[in-house]
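*Asks:*
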Amino acid sequence: MMVDAAPLFLNLLILLPLLISSIAEDTYYEYIFSSEEDDILTTPPPPHTTLSARNQIPSVSTSQYNVLATADQKIVFQNKTTTETERWEWVTDLSGAWGGVIDTPITSLAYSPSSELLYIGTTEVLNIWDEKTSRFSRIGGNEGLPMRNITSLTVDDEKGFVYIGTTEGLILYRPSNKQHTWRYFAGPRYLPDDCIVGLSLNPTGSLDILHESQTTTLKPTKFTLSKKQAHFTNMLNERHRRTNLVSDFPSHDSNNDGLWTSLVLVSSLLEASLTSSAAASDSASYFLRGLTLLNEVPNSPGFFARSVCAPEEWGVTCGNQDAGGDWNVSTHPDYQNWFYKSDTSSDEAVGQIFGLLMSYKLSDVPEDKKTAKKLLTTIVNNLIDNDLNLIDPLTRQPTLWGRWGPEERQLQTQLILISRSIPLNSIALLKKRDTCKTSSTPNTKITTPIDLNYSDDELTFLPYLTFFIALEMLEENKTGTTITIATAPITSSLERTFQFVRPEQSSLWNSIFLACTSILPSPLSDKDRNQIINDIIYNLETWPLSHIDYETRNENRIDFNWENSSSRFGETHSESSKKVAPFSANERRQFRWNASSYAITDGGSNSVETDPGAFLLPYWLSKYYGLF
């Protein structure tokens, strides 16, 4: 049986029933292209400029001492003062079997006065000549060069950037950045045409990119993460609200409205808790109302829908997008002519419990805390009463992915505790000694490539966080009742799972791991902790400003190794063993954490904007726990 739910979900129920800094930020560069606008879906980009007949890039450059030029199969070094040719270096001639220090024909040259380096573009690699030592070096795919077929080069000495134009996109080489040296820009997210015939650095520091019949301008712009957070918050408020649920733009229903809504709900709660922002508090109340609708419209206490649709929306923004959706008419007297989507999955269960628990913990609105507590208590009691199954109110049978009994998941729990309030006033204790154990919990993460499902990572890490936050809340609200909770298996599971996903450099997995270890400390060195934080920051900094689902194609890149095996969805990964980091976030199409960060080629419609919850939650979680 293929597993859709996070195995940790059951262990989360161990604790749930018990509960019914402003530091100056470093700047970094965002790379803003002329076709990239904040309101790109509603405001068309400016037209591209038609070029004059300038499509041949001369392979000539000037150093401090020489004029450097290509001629036939060699580089000529001409003295600037005497104009005499002093020496030359040969290019390999494969047809004649003649070797040279440059291995393929030269297409372009660019000189850096500050470093006294000559950059030499070829059809295969980037060569570098050091004028101080007269030595040549070679940079190819193994050294990080993303693409061959270099057509043009230019150097921004002030920033320490080398721009590399190719027939398949633009490369940014940052030799002084030892950890993140390369950036690759290609596809409709950045360029109207991937084939670049020339580059020109203008006095403002912007880069003009020349194509056959048009130009694109790249403007490196200093940013902070707080500025980026504000950008995404504005995006959320302006275009991603539908009947108190988060939605793509244009708006439509999804199978996981509760899960996606819980992410922006919790990010709003964290922001309000840290900043006392009235707008963030209002946003949290708005999205909590969405989770409430998912619980109320089906008119079956303890059951929650995948999605809901108001009468005026039916057939317009919902009910017409997801083929095969199991839609039903509400029987609730307050929701006449409303529809709800049933056959609810574990994704929704994880989202509901995560969002409701955090609302109870963090909301500054008394009525919201009361609502969250009531809904959470009802959901958990309903699961317990039905042997850990989510029962569809129409079929009276468990939903397909709403089964969490030990016989279904081989996922055991030591005990399930139910509490009616915080602080602990009354406790119902249900022991499952004969079937519920925690022995298999440490091996939650599946690592077999054919069974990889990145959605399961999300359905594991969110319950990890919920479990440890519930543990923290239990500790804060002791009432003299002594309860022993076996946390060691969960901690072991968290550490093992994180070991496998750590190379992904995910801001969400990393921030959840550090949040959990701050609640229940684990042996983590300062060096490891700092590196995990650096990976969070890098992932957030490289998260694309635009969430439009542009097609991404990386299959022609030369800087990764193919993994022969594929996932159960037929996806081929660049390293499914996950020993190396994936391409940075703005070089792939991944706007939610249930998707593979290792996918090489990913098609898109170029017309749908995904909500920004995948950025906002790890950002505010990191701020809340003081990670940066």
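With mature numbering (1 follows the signal peptide of the UniProt record, and there is no 0) applied, the sequence shown covers -24 to -1, 1 to 604.
Don't be surprised by glycine CBs; every beta carbon is placed ideally from N, CA and C.
1) Give me the residue from Q328, L447, Y430 with the minimum Cα distance to F263.
2) Look at A590 and R565 and say whether their C-beta atoms are less than 7 Å apart.
3) What is the residue span of the alpha helix (DSSP H) that Q40 lies within?
4) Any idea what DSSP makes of L102, helix, strand or coil?
5) Am I right that L603 and S487 are in contact with their C-beta atoms under 8 Å? What's the rounded C-beta distance?
6) For the alpha helix (DSSP H) containing C492, name the first residue and the last one.
7) With distance defined between alpha-carbon atoms, name the residue in N271, S261, K135, G291 nearest to E343.
8) For H523, count the other beta carbons within 10 Å of its own beta carbon; 16 or more makes it buried, fewer makes it exposed. Which is it?
9) Beta strand (DSSP E) containing L376: first to last residue?
10) Counting C-beta neighbours from all protein chains within 10 Å, is the total for G579 16 or more, i.e. buried, or is it exposed?
11) At the level of alpha carbons, what is the spacing between L177 and S35?
12) Kindly identify the DSSP beta-bridge partner or partners of S128.
13) Distance, Cα to Cα, T80 vs G117?
14) What separation, rounded to the nearest whole angstrom, lies between the Cα atoms of L245 and I147?
15) From S28 to G163, what distance separates their C-alpha atoms?
16) How far does the alpha helix (DSSP H) with T51 in it extend, from its first residue to its last?
17) How big is the Cα-Cα spacing for I(-2) and H216?
18) Going by DSSP in three states, R63 sits in which element: helix, strand or coil?
19) Beta-carbon within less than 8 Å of I78's beta-carbon, same chain only, minus the 5 sequence neighbours each way: which residues are those?
20) Within 10 angstroms of its Cβ, does N313 collect 16 or more other Cβ (buried), or is it exposed?
21) Considering only the alpha carbon of each residue, which of L332, F330, V284 lies closest to D319?
22) Report the option in D169, E6, L94, P226 whose CA atom is closest to the CA atom of S581.
23) Could you compute how far the alpha carbon of R165 sits from the alpha carbon of Y526?
24) Using a threshold of 7 Å, state whether the C-beta atoms of T127 and Y139 are closer than that.
25) So if DSSP puts Y5 in a beta bridge, which residue, or which two residues, is it bridged to?
26) State the Cα-Cα distance for the pair Y430 and S39, rounded to the nearest angstrom.
27) For the alpha helix (DSSP H) that contains G331, what are its first and last residues?
28) In angstroms with no decimal places, state the Cα-to-Cα distance between E100 and K195.
29) Identify whether N296 lies in helix, strand or coil by the three-state DSSP scheme.
30) What residues are listed by DSSP as bridge partners for F225?
31) Please work out which residues of its chain come closer than 7 Å, Cβ to Cβ, to E585, disregarding the five sequence neighbours upstream and downstream, and give them in chain order.
32) Please state whether DSSP places T347 in a helix, a strand or coil.
33) Taking Cβ positions, are S494 and T193 nearer each other than 7 Å?
34) Would you say T577 and R533 are within 7 Å of each other, going by their C-beta atoms?
35) Do N515 and A557 have their beta-carbon atoms positioned less than 7 Å apart in this structure?
36) So residue 607 and A446 are in contact, right, with Cβ under 8 Å, and what is the actual spacing, rounded?
*Replies:* From the atom records:
1) Here residue 263 is taken as the residue at index 287 of the sequence shown, counted from 1. For the residues Q328, L447, Y430, the minimum Cα distance to F263 belongs to Q328.
2) Working through the sequence shown from its first residue, we reach residue 590 at position 614. Working through the sequence shown from its first residue, we reach residue 565 at position 589. The answer is no: Cβ separation not under 7 Å.
3) As a working note, residue 40 is residue 64 in the sequence shown. For Q40, there is no enclosing alpha helix (DSSP H), as DSSP marks it with neither H nor E.
4) Within the sequence shown, numbered from 1, the residue matching residue 102 stands at position 126. DSSP places L102 in strand when its eight states are reduced to three.
5) If you number the sequence shown from 1, residue 603 lands on position 627. If you number the sequence shown from 1, residue 487 lands on position 511. Contact holds; Cβ gap of about 6 Å.
6) On the sequence shown, position 516 is the one that residue 492 refers to. For C492, the enclosing alpha helix (DSSP H) covers residues 483 to 495.
7) Your numbering for residue 343 matches position 367 in the sequence shown. Taking only the C-alpha atoms, the option nearest E343 is S261.
8) For the purposes of this step, residue 523 is taken as the residue at position 547 of the sequence shown. Result: buried.
9) Taking the first residue of the sequence shown as position 1, residue 376 is located at position 400. The continuous beta strand (DSSP E) containing L376 extends over residues 374 to 379.
10) Looking up residue 579 in the sequence shown gives position 603. G579 comes out exposed.
11) Taking the first residue of the sequence shown as position 1, residue 177 is located at position 201. Taking the first residue of the sequence shown as position 1, residue 35 is located at position 59. Pairing L177 with S35, the inter-Cα distance amounts to about 16 Å.
12) Looking up residue 128 in the sequence shown gives position 152. For S128, DSSP records a beta bridge to G141.
13) Walking along the sequence shown from the start, residue 80 turns up at place 104. Walking along the sequence shown from the start, residue 117 turns up at place 141. Counting only the Cα atoms, G117 lies some 15 Å from T80.
14) Numbered from 1 along the sequence shown, position 269 holds the residue referred to as residue 245. Numbered from 1 along the sequence shown, position 171 holds the residue referred to as residue 147. Straight-line Cα distance between these residues: approximately 39 Å.
15) Residue numbering aside, residue 28 sits at position 52 when the sequence shown is read from its first letter. Residue numbering aside, residue 163 sits at position 187 when the sequence shown is read from its first letter. Confidence at S28 is low in this model, with a pLDDT of 29, below 50, so its placement is unreliable and the value that follows should be read with caution. About 24 Å.
16) Translated into the one-based positions of the sequence shown, residue 51 becomes position 75. Looking at the sequence shown, residue 51 is not Thr but Ile. For I51, no alpha helix (DSSP H) encloses it; the enclosing beta strand (DSSP E) starts and ends at 50 to 55.
17) Translated into positions along the sequence shown, residue -2 becomes position 23. Translated into positions along the sequence shown, residue 216 becomes position 240. Per-residue confidence for I(-2) stands at a pLDDT of 39, beneath the threshold of 50, marking its modelled position as unreliable; the derived number appears in the next sentence. Going by the C-alpha atoms only, they are around 30 Å apart.
18) Along the sequence shown, one-based indexing puts residue 63 at 87. Residue state, collapsed to three classes: strand.
19) Here residue 78 is taken as the residue at index 102 of the sequence shown, counted from 1. In its chain, beyond the 5 residues on either side, I51, E65, W66, V67, T68, I96, T98, N103, F112 have a beta carbon closer than 8 Å to the beta carbon of I78.
20) Along the sequence shown, read from residue 1 onward, the residue named residue 313 stands at position 337. N313 is exposed by the Cβ-count criterion.
21) Residue numbering aside, residue 319 sits at position 343 when the sequence shown is read from its first letter. Ranking L332, F330, V284 by Cα distance to D319 puts V284 first.
22) As a position in the sequence shown, residue 581 is number 605, starting the count at 1. When only C-alpha atoms are compared, the closest one is P226.
23) Residue mapping note: residue 165 aligns to position 189 of the sequence shown, counting from 1. Residue mapping note: residue 526 aligns to position 550 of the sequence shown, counting from 1. Distance between the alpha carbons of R165 and Y526 is about 6 Å.
24) Within the sequence shown, numbered from 1, the residue matching residue 127 stands at position 151. Within the sequence shown, numbered from 1, the residue matching residue 139 stands at position 163. No, they are not a contact pair.
25) As a first step, residue 5 must be located in the sequence shown, where it is residue number 29. Partner(s): K198.
26) By 1-based counting over the sequence shown, the position of residue 430 is 454. By 1-based counting over the sequence shown, the position of residue 39 is 63. If I take the Cα positions, the gap works out to 51 Å.
27) Indexing the sequence shown from 1 puts residue 331 at position 355. Annotation for G331: the continuous alpha helix (DSSP H) segment containing it runs 322 to 338.
28) Stepping through the sequence shown from its first residue, residue 100 is reached at position 124. Stepping through the sequence shown from its first residue, residue 195 is reached at position 219. If I take the Cα positions, the gap works out to 27 Å.
29) Start at 1 with the first residue of the sequence shown, and residue 296 comes out as number 320. Of the three classes helix, strand and coil, the one that applies to N296 here is coil, per DSSP.
30) Walking along the sequence shown from the start, residue 225 turns up at place 249. Per DSSP, the beta bridge partners of F225 are E585.
31) As a position in the sequence shown, residue 585 is number 609, starting the count at 1. If the five residues before and after E585 are omitted, its C-beta is found closer than 7 Å to the C-beta atoms of L17, R215, D224, F225, H523, I524, all from its own chain and listed in chain order.
32) Locating residue 347 in the sequence shown gives position 371, where the first residue counts as 1. Looking at T347 - three-state DSSP - the assignment turns out to be helix.
33) To locate residue 494, count along the sequence shown from 1; it is residue 518. To locate residue 193, count along the sequence shown from 1; it is residue 217. Annotated as distal: S494 and T193, with beta-carbon spacing of 7 Å or more.
34) As a first step, residue 577 is located in the sequence shown; it is residue number 601 there, counting from the start. As a first step, residue 533 is located in the sequence shown; it is residue number 557 there, counting from the start. Using a Cβ distance threshold of 7 Å, T577 and R533 do not count as a contacting pair.
35) Numbered from its first residue, the sequence shown carries residue 557 at position 581. Numbered from its first residue, the sequence shown carries residue 515 at position 539. With contacts defined by Cβ atoms closer than 7 Å, A557 and N515 do not form a contacting pair.
36) Because the chain in this structure spans residues -24 to 604, residue 607 falls outside the shown range and cannot be described.
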